[in-house]
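Reading through the structure tokens given below for one structure.
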Amino acid sequence: MHVLFLSVGGTRRRAVVEESAQVVADGGTATVVVDRVAPWSRETFADGVRVIDLAGLEQRQRAARVEQAVLFKAPRKVLRTVGRGPLRRFAKRAEKSYEKRIAARAHRAFVRLRGDLRPKLVDGLLRRGNPVDVLVVTDPVAMPYAARLLTGGRPAAQPRVCFSYDYAGRTPKRQHRSDPDAVQGDNS
195 MHVLFLSVGG TRRRAVVEES AQVVADGGTA TVVVDRVAPW SRETFADGVR
245 VIDLAGLEQR QRAARVEQAV LFKAPRKVLR TVGRGPLRRF AKRAEKSYEK
295 RIAARAHRAF VRLRGDLRPK LVDGLLRRGN PVDVLVVTDP VAMPYAARLL
345 TGGRPAAQPR VCFSYDYAGR TPKRQHRSDP DAVQGDNS
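Per my numbering, the very first residue in the sequence shown carries number 195; after that it's consecutive.
As structure tokens, this is what we get:
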């Protein structure tokens with residue numbers, strides 16, 4: 195069973211860590227999709243849990259790399275090269291001013307033009323690799339992503355959607371009858 199945790203908002207971190215560990219313990223595979231990895235740096239995921247950083251995936255896109263190079267990296271390099279010695283303070287102020295007034299505005303306009311790539315990246319994750327059996331939407335920010343995934347014209351084999359792995363509808367493993375803690379079916 196492959197379980198995909200959409201935790202884009204970063205809330206319920208402890209629950210996501212514990213539930214993804216439970217998936218691995220149950221013999222399944224778990225993938226956790228987060229917006230940025232930095233807020234999750236204190237969390238320790240179980241071995242076998244795959245964590246995917248949407249911001250990192252977005253930065254790997256060719257358009258984003260070109261935009262960063264043209265708007266930020268090249269001007270920063272020029273200003274740092276020119277701003278050595280007595281011009282250092284002037285160059286730092288010019289760099290901050292440029293990034294605030296020009297580059298940041300151009301970046302926002304670029305994002306408005308191309309739209310939000312993150313839902314497309316999450317959809318790409320579902321299309322590649324193992325098919326997802328259960329989709330766990332862990333926070334309110336992830337709900338639009340899940341809605342787009344489920345209404346995106348995909349085949350009839352859609353994953354079960356839940357808000358916690360506990361409600362995924364998995365069946366407990368049956369154990370031998372001699373085990374007193376075994377889960378047995380209803381005999382009535």
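Every residue gets a Cβ at the ideal spot worked out from N, C-alpha and C, and that includes glycine.
Measure the alpha-carbon distance for valine 316 versus leucine 248 and round it to whole angstroms. What you label residue 316 is simply residue 122 of the sequence shown in a count that begins at 1. What you label residue 248 is simply residue 54 of the sequence shown in a count that begins at 1. Straight-line Cα distance between these residues: approximately 8 Å.
Inter-stretch contact at 8 Å, needing at least 3 Cβ pairs: the segment 212-224 / the segment 236-244: yes
Measure from the alpha carbon of alanine 297 to the alpha carbon of each residue in Glu261, Ser358, Thr223, Lys314, then state which is nearest. As a position in the sequence shown, residue 297 is number 103, starting the count at 1. Per the Cα distances, Glu261.
For valine 328 and serine 358, believed in contact at Cβ under 8 Å, the rounded distance: Along the sequence shown, one-based indexing puts residue 358 at 164. Along the sequence shown, one-based indexing puts residue 328 at 134. At roughly 10 Å, the Cβ-Cβ gap does not stay under 8 Å, so serine 358 and valine 328 are not in contact.
Roughly how many whole angstroms lie between the Cα atoms of cysteine 356 and glycine 222? Residue numbering aside, residue 356 sits at position 162 when the sequence shown is read from its first letter. Residue numbering aside, residue 222 sits at position 28 when the sequence shown is read from its first letter. Going by the C-alpha atoms only, they are around 16 Å apart.
Alpha carbon of alanine 268 to alpha carbon of arginine 259, nearest angstrom: Locating residue 268 in the sequence shown gives position 74, where the first residue counts as 1. Locating residue 259 in the sequence shown gives position 65, where the first residue counts as 1. Between alanine 268 and arginine 259, the C-alpha separation is close to 12 Å.
Taking C-beta to C-beta, are valine 226 and valine 210 nearer than 8 Å? The residue labelled residue 226 in the question sits at position 32 within the sequence shown. The residue labelled residue 210 in the question sits at position 16 within the sequence shown. Yes; because the gap between Cβ atoms is below 8 Å, this pair is in contact.
State the start and end residues of the unbroken alpha helix (DSSP H) segment that holds alanine 224. The sequence position of residue 224 within the sequence shown is 30, counting from 1. First-last for alanine 224: 223-228, but that is the beta strand (DSSP E), not the alpha helix (DSSP H).
Could you check what DSSP says for leucine 311 in three-state terms: helix, strand or coil? Looking up residue 311 in the sequence shown gives position 117. Note: leucine 311 maps to coil in three-state DSSP.
Give, in chain order, every unbroken run of the alpha helix (DSSP H) that is at least 4 residues long and sits entirely within the segment 261-299. 268-276, 282-292
Can you tell me whether phenylalanine 284 is buried or exposed, with buried defined as 16 or more other CB within 10 angstroms of its CB? Position 90 of the sequence shown, counting from 1, holds the residue named residue 284. Phenylalanine 284 is exposed by the Cβ-count criterion.
Closest by C-alpha distance to arginine 206, when choosing among Ala340, Val335, Arg342, Arg354: Indexing the sequence shown from 1 puts residue 206 at position 12. Nearest of Ala340, Val335, Arg342, Arg354 to arginine 206, Cα basis: Val335.
Neighbourhood of glutamine 384 by C-beta, 8 Å cutoff - its chain only, sequence neighbours within 5 removed: Since the first residue of the chain shown is 195 and the last is 382, residue 384 is not available in this structure.
When DSSP labels each residue in this structure, what does arginine 322 get in the three-state scheme? As a position in the sequence shown, residue 322 is number 128, starting the count at 1. Of the three classes helix, strand and coil, the one that applies to arginine 322 here is coil, per DSSP.
Assuming the contact rule is C-beta atoms closer than 8 Å, phenylalanine 199 and threonine 332 should be a hit. Round their C-beta distance to whole Å, please. Numbered from 1 along the sequence shown, position 5 holds the residue referred to as residue 199. Numbered from 1 along the sequence shown, position 138 holds the residue referred to as residue 332. The Cβ separation is near 6 Å, so the contact holds.
What did DSSP end up calling leucine 199 once you bin it into helix, strand or coil? Sequence index remark: in the sequence shown, residue 199 carries index 5 (1-based). The residue you asked about is not leucine; residue 199 is phenylalanine in the sequence shown. Here phenylalanine 199 sits in strand by DSSP.
Going by other Cβ atoms of all chains shown within 10 Å of its Cβ, with 16 needed for buried, is glutamate 212 buried or exposed? Here residue 212 refers to the residue found at position 18 when the sequence shown is read from its first residue. Glutamate 212 comes out exposed.
Cα-Cα separation, arginine 282 to arginine 295: Within the sequence shown, numbered from 1, the residue matching residue 282 stands at position 88. Within the sequence shown, numbered from 1, the residue matching residue 295 stands at position 101. Each residue's Cα considered, the two are about 20 Å apart.
On the criterion of 16 or more Cβ atoms from any shown chain inside 10 Å, does serine 291 qualify as buried, or is it exposed? The sequence position of residue 291 within the sequence shown is 97, counting from 1. Label assigned to serine 291: exposed.
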